[in-house]
Amino acid sequence: MGPGGCARGSAPGGSGAGLHRHRAGDEGQGPPGTVVGRRPKPLRGQRLGRRVTAGFAPPPYPYERLDELRAAAAPLLGGAVDCSIGTPCDPPPAQVVAALAGSGTERGYPASIGSPAFRQAAAAWTQRRFNVELDPDSHLAACIGTKEFVVSLPGYLRLRHPDRDTVLYPEVSYPSYAMGATLAGCRPVPVAVDRHFRVDLSTIDPRDAARALCLWVNTPGNPAGTLDDLGAAAAWGRHNGVLVASDECYAEFTWDGPPRTILEHGTGGVLAVHSLSKRSNMAGVRAGFYAGDAELVHYLRECRKHAGCMVPGPVQAAAVAAWSDQDHVDQQRARYRDRLERLASIIELANRLGHLRDARFMIDDAFELPELPAGGFYLWTRIPGGDAWACADALARSCGLIVSPGEFYCEQLCASGAVDAREYVRIAAVQPEGRLQLAESRLLELAG
62 MGPGGCARGS APGGSGAGLH RHRAGDEGQG PPGTVVGRRP KPLRGQRLGR RVTAGFAPPP
122 YPYERLDELR AAAAPLLGGA VDCSIGTPCD PPPAQVVAAL AGSGTERGYP ASIGSPAFRQ
182 AAAAWTQRRF NVELDPDSHL AACIGTKEFV VSLPGYLRLR HPDRDTVLYP EVSYPSYAMG
242 ATLAGCRPVP VAVDRHFRVD LSTIDPRDAA RALCLWVNTP GNPAGTLDDL GAAAAWGRHN
302 GVLVASDECY AEFTWDGPPR TILEHGTGGV LAVHSLSKRS NMAGVRAGFY AGDAELVHYL
362 RECRKHAGCM VPGPVQAAAV AAWSDQDHVD QQRARYRDRL ERLASIIELA NRLGHLRDAR
422 FMIDDAFELP ELPAGGFYLW TRIPGGDAWA CADALARSCG LIVSPGEFYC EQLCASGAVD
482 AREYVRIAAV QPEGRLQLAE SRLLELAG
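Okay, structure coming up:
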């Protein structure tokens, strides 16, 4: 049972993300929230002619479902140690704050595509980090952080290709890929992952590929921190005539080898999406860019101009300062690596002391600590046969640590049958050492 007496796979506020994940052959499926073959009851006073339809009911926002866990941890001295969301706790570099305060651009409307300085700085960073040359005038443009781009992309693509209605995405992944499809009236179709949580392109049904507007890939991946073969993804997309959109917001925190981008394999038929939220601790100001296929970038630029999508001028100035500096990123990499190792030791301690009696963490016999990710700053830790919600509840009550149950990233047994995200929790390395010490000291105190 999870917190509040909820069974596995459920939680306060609703069951799962509430999204229908379609498969090939789902002809005649209504949009999420409708029941096929049954006329929904109209709202009181609602008359829509002869045909009455049910509107879209947004599911609970995933991380708001953790409020009960936060309440359970709040009475502990010092409060909750919240590692549920990848919210940076460290400050951005001083030159970024100075640029934000002193640009003098707050009076006028900013360029939707990004100022010339913004685009040049982003292109220069791409050249330095990936050895990929982009034309800032045709290959890239600004976005208001990358989440809004992820969620809005399917709608723009469907306007361009009204004969297609499907968004493909890794079945264990960031919930916004599926939600973007839903908000565009498209079919969100998950692509199976292997036992290492890498997307398995061979499992995509040709019928789904024929209807696909895009395939999302995410490297390093959230939540599992794995690295996909981006060259294979680009080749699959070109062979099938499907745009491959690569979410690369954790690229700077690649631990196994150098950072990578799908743009290394050419710009035709692909988009890469990058953000300063994680790289430069700028989640609060919302700045990123998308880059790739010149024809598609032009189309999206024009659509987004009409939609009023503009990164504020002061934020664009701050972004120029951020993209232009690497030292602060190297320092942040060291912090996250240290925190991942500290969190792994805390989870191992919790397991050893037996405070999670109902759903203990199982440590692989080959490792003394949970395995560190190939990239990103999340621990993705399994409780074999266990209940991630009950585990999260036990952590909150015993040491105040707030984590995200794996159900947020996949609500059911994976198609391969090899992995089940509901047996995992995701732990973000986003708390400073003093807060991690607090969680550790609580466990030691309970041990007596």
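Under our numbering, the first residue of the sequence shown is numbered 62, with each subsequent residue one higher. Glycine is no exception: its CB is placed at the ideal position from the N, C-alpha and C atoms.
In the three-state reduction of the DSSP assignment, Ile-488 falls in the strand class. Within the segment 437–487, the complete beta strand (DSSP E) segments at least 3 residues long are 439–443, listed from N- to C-terminus. For Asn-301, the enclosing alpha helix (DSSP H) begins and ends at 291–301. Cys-475 places its beta carbon 8 Å or farther from that of Val-278.
Below 8 Å, enough C-beta pairs join the segment 181–189 and the segment 384–398 to call them touching: three or more.
Taking a C-beta distance under 8 Å as the contact criterion, Leu-274 and Pro-215 qualify as a contact pair.
Excluding sequence positions up to five before and after His-326, its CB lies within less than 7 Å of the CB of Leu-291, Gly-292 and Ala-295, all in the same chain and listed in chain order. By the neighbour-count criterion, in which 16 or more other beta carbons inside 10 Å mark a residue as buried, Tyr-170 falls on the exposed side.
In the DSSP assignment, Leu-201 falls outside any alpha helix (DSSP H) and lies within the beta strand (DSSP E) extending over 201–204.
DSSP, reduced to helix, strand and coil, places Gly-318 outside both helices and strands of the structure shown, so it counts as coil.
Residue pairing by DSSP puts Tyr-230 in a beta bridge opposite Pro-251. If you check the CB distance, Gly-349 and Leu-337 come in under 8 Å. Excluding the 5 residues flanking it on each side, Ala-489 has same chain C-beta neighbours closer than 7 Å at Cys-144, Ser-145, Ile-146, Gly-147, Phe-438 and Tyr-439, in chain order.
The continuous beta strand (DSSP E) containing Cys-275 extends over residues 273–279. The continuous stretches of alpha helix (DSSP H) do not include Tyr-351, which lies in the beta strand (DSSP E) extending over residues 349–353.
By the neighbour-count criterion, in which 16 or more other beta carbons inside 10 Å mark a residue as buried, Leu-220 falls on the exposed side. DSSP places Ser-336 in the uninterrupted beta strand (DSSP E) bounded by 331–336. In the structure shown, Leu-401 adopts helical secondary structure according to DSSP, grouped into three states. Here the C-alpha atom of Ser-459 lies approximately 36 Å from the C-alpha atom of Val-211. Cβ neighbours of Gln-188 within its own chain (closer than 7 Å, five residues either side excluded): Glu-194.
Taking C-alpha positions only, Ala-368 is separated from Ala-203 by approximately 14 Å. Leu-304: member of the beta strand (DSSP E) spanning 304–308, first to last residue.
Ranking Pro-375, Pro-466 and Gly-446 by CA distance to the CA of Val-157 puts Pro-375 first.
Using a Cβ distance threshold of 8 Å, Thr-227 and Arg-248 count as a contacting pair.
Annotation for Ala-242: Pro-215, Val-228, Arg-248 and Pro-249 place their beta carbon closer than 7 Å to its own, counting only its chain and skipping 5 residues before and after. In the structure shown, Asp-143 adopts extended strand secondary structure according to DSSP, grouped into three states. Restricting attention to Trp-297, Phe-314 and Leu-127, the CA atom closest to the CA of Asp-391 is found in Phe-314. Within a 10 Å sphere around the beta-carbon of Ala-508 sit fewer than 16 other beta-carbons, which makes this residue exposed.
Distances from the CA of Asp-255 to each of Ala-500, Arg-503, Gly-478 and Arg-496 were compared; the closest alpha carbon is that of Gly-478. Classified as exposed, Leu-138 has fewer than 16 neighbouring CB atoms from the shown chains inside 10 Å of its CB.
Annotation: Pro-136 to Pro-320 spans about 42 Å, alpha carbon to alpha carbon.
Residue burial is scored here from C-beta neighbours: His-200 has at least 16 other C-beta atoms within 10 angstroms and is therefore classed as buried.
By the Cβ neighbour-count rule, Leu-505 is exposed, with fewer than 16 other Cβ atoms within 10 Å of its own. Trp-297 and Leu-276 have their C-alpha atoms roughly 10 Å apart. Restricted to the segment 166–209, the alpha helix (DSSP H) segments that are unbroken, complete and at least 4 residues in length are 177–191, listed in chain order. In the structure shown, Val-346 falls within a coil segment according to DSSP collapsed to helix, strand and coil.
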